[in-house]
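Here's the structure we're looking at; comments come further down.
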Amino acid sequence: MFAISTQKSHWTFDSDSALTRLRRKAHDDYVESHRGSISDEDLEAVLFTYEEEYVLARHYEFIMKEFCNRFQPPMPKYVLGTAMTYFKRFYLYNSVMDFHPRDITLTSVYLASKVEEFNVSINQFVGNLKGDRDKFANVILGFELLLMEKLSYHLTVHNPFRPLEGFLIDMKTNCQTCSDPEILRQQAEEFLEKSMLTDICLLVSPAQISLAAILDSCSLKNIDIMSYVTSILMKGAESDQKKRAMQQIKLIQITVNNQNSLKREHIRQLEKKLEKCRNQENNPDSEVYKKKMQEMFEDEKL
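If you read the sequence shown in UniProt numbering, its first letter stands for residue 1, the second for the next number, and so on.
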């Protein structure tokens with residue numbers, strides 16, 4: 001249950017500003033760790049600003065969504081929800097300069113597939129990628145334990161795709177103003193996918209996001225289910241509680257439906273900049289990383 005989950009107690013935050021503080025600290029800590037090796041006047045030119053980090057992370061969330069939607073065999077939507085949640089949690093406390101978001105994207109999806117029991121082997125997984133598949137497999141397996149550690153082994157994710165099923169089933173019995181709730185499914189699922197590109201999953205419960213998705217779909221189809229929401233779903237709640245809940249739902253809808261698009265040229269510039277400022281100790285292509293892995297392997301043999 002979400003109410004007693006680690007997601008509620010450790011990974012649900014009070015406000016956008018709380019998320020910004022955590023991300024900014026991760027950025028500032030990385031910058032500070034490199035201050036001695038880079039002159040102050042070169043810091044901004046060489047290292048990312050906080051805003052640049054945020055933009056690049058959002059770009060890789062979009063890449064993750066597209067990858068999961070194209071995956072073969074078809075990947076359940078809740079695997080995407082879990083993977084995206086892992087990615088967002090990771091970058092609350094880590095800089096994209098420290099860990100390349102491409103590596104964390106792939107590792108998040110692979111780990112989510114295992115946790116959600118979407119059974120694909122590492123060879124099947126990397127078969128969905130273009131390029132050196134053996135290299136991708138080594139990267140994913142190399143970062144898997146680190147990702148789990150950074151997530152404090154809180155791997156169970158309550159994402160909004162499952163509550164959506166519950167709402168649609170309940171509506172078939174209890175909602176008199178919508179004779180066929182299944183007509184709401186496609187647009188509601190699209191809303192949930194769009195919500196994955198925002199921070200909503202770090203701020204509110206999955207059930208609230210699911211209800212916002214259903215109401216958004218109803219609005220597009222001119223179906224009124226407010227009597228069902230207030231008399232059935234919110235039965236027993238005080239009028240003030242109902243009002244606050246509906247305000248929260250409206251805020252979710254505004255956030256999801258009003259996302260800014262990213263500029264391709266800006267992303268290309270950030271990708272180039274990242275290659276110059278990323279931590280080579282966490283770059284699988286670097287000699288520093290390979291040496292570190294070799295030393296760890298030798299220590300394990302001892």
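Cβ atoms here follow ideal geometry from the backbone N, Cα and C, with glycine treated the same way.
Q) Taking Cβ positions, are Tyr86 and Leu151 nearer each other than 8 Å? A) Working through the sequence shown from its first residue, we reach residue 86 at position 86. Working through the sequence shown from its first residue, we reach residue 151 at position 151. Yes.
Q. For the candidate residues Pro206, Arg185, Ile169 and Thr82, whose alpha-carbon lies nearest to that of Met148?
A. Here residue 148 corresponds to residue number 148 of the sequence shown, with the count starting at 1. With distances taken between Cα atoms, Met148 lies closest to Thr82.
**Q.** Range covered by the alpha helix (DSSP H) that runs through Met196
**A.** Walking along the sequence shown from the start, residue 196 turns up at place 196. Unbroken run through Met196: none, as it is neither H nor E.
Q) Does the region 160 to 170 touch the region 130 to 149, meaning 3 or more C-beta pairs lie closer than 8 Å? A) no
Q: Determine the closest residue to Gln176 out of Ser227, Leu215 and Leu203, with distance taken between C-alpha atoms.
A: Within the sequence shown, numbered from 1, the residue matching residue 176 stands at position 176. Gln176 has its Cα closest to that of Ser227, out of Ser227, Leu215 and Leu203.
Q) By the 10 Å Cβ neighbour count, where 16 or more other Cβ atoms means buried, how is Ile63 classified, buried or exposed? A) Within the sequence shown, numbered from 1, the residue matching residue 63 stands at position 63. Ile63 is exposed by the Cβ-count criterion.
Q) What residues in its chain sit with their C-beta under 8 Å from that of Lys88, if we drop five residues either side in the sequence? A) Looking up residue 88 in the sequence shown gives position 88. Hits under 8 Å: Glu61, Asp199, Cys201 and Leu202.
Q) Could you give the C-beta distance for Leu111 and Glu144, rounded to a whole number, given that I count them as a contact under 8 Å? A) Residue 111 sits at position 111 when you count from the first residue of the sequence shown. Residue 144 sits at position 144 when you count from the first residue of the sequence shown. At roughly 6 Å, the Cβ-Cβ gap stays under 8 Å, so Leu111 and Glu144 are in contact.
Q.
Tell me whether the region 52 to 61 and the region 242 to 256 touch, counting them as touching only if at least three CB pairs, one residue from each stretch, are closer than 8 Å.
A. no
Q.
On the criterion of 16 or more Cβ atoms from any shown chain inside 10 Å, does Val288 qualify as buried, or is it exposed?
A. Position 288 of the sequence shown holds residue 288. Counting Cβ neighbours within 10 Å, Val288 comes out exposed, since fewer than 16 surround it.
Q: Let me know if Leu141 comes out buried or exposed under the rule of 16 or more other beta-carbons within 10 Å of its beta-carbon.
A: The residue given as residue 141 occupies position 141 in the sequence shown. That one is exposed.
Q: Could you tell me whether the Cβ atoms of Ser95 and Glu53 are closer together than 8 Å?
A: As a working mapping, residue 95 is identified with position 95 in the sequence shown. As a working mapping, residue 53 is identified with position 53 in the sequence shown. Less than 8 Å separates the beta-carbon of Ser95 from that of Glu53.
(Q) Taking the straight line between their C-alpha atoms, what separation do you get for Val256 and Ala188? (A) Within the sequence shown, numbered from 1, the residue matching residue 256 stands at position 256. Within the sequence shown, numbered from 1, the residue matching residue 188 stands at position 188. Near 12 Å, if we compare the C-alpha coordinates of Ala188 and Val256.
Q. So, do the region 205 to 212 and the region 155 to 164 have three or more beta carbon pairs nearer to each other than 8 Å?
A. yes
Q. So what's Pro74 in DSSP terms, helix, strand or just coil?
A. Mapped onto the sequence shown, residue 74 falls at position 74. DSSP places Pro74 in coil when its eight states are reduced to three.
**Q.** Proximity of Phe13 and Lys273 at Cβ, strictly below 8 Å
**A.** Taking the first residue of the sequence shown as 1, we reach residue 13 at position 13. Taking the first residue of the sequence shown as 1, we reach residue 273 at position 273. Going by C-beta atoms, Phe13 is not nearer than 8 Å to Lys273.
Q | Contact between the region 34 to 46 and the region 103 to 117 (3+ Cβ pairs under 8 Å) | A | no
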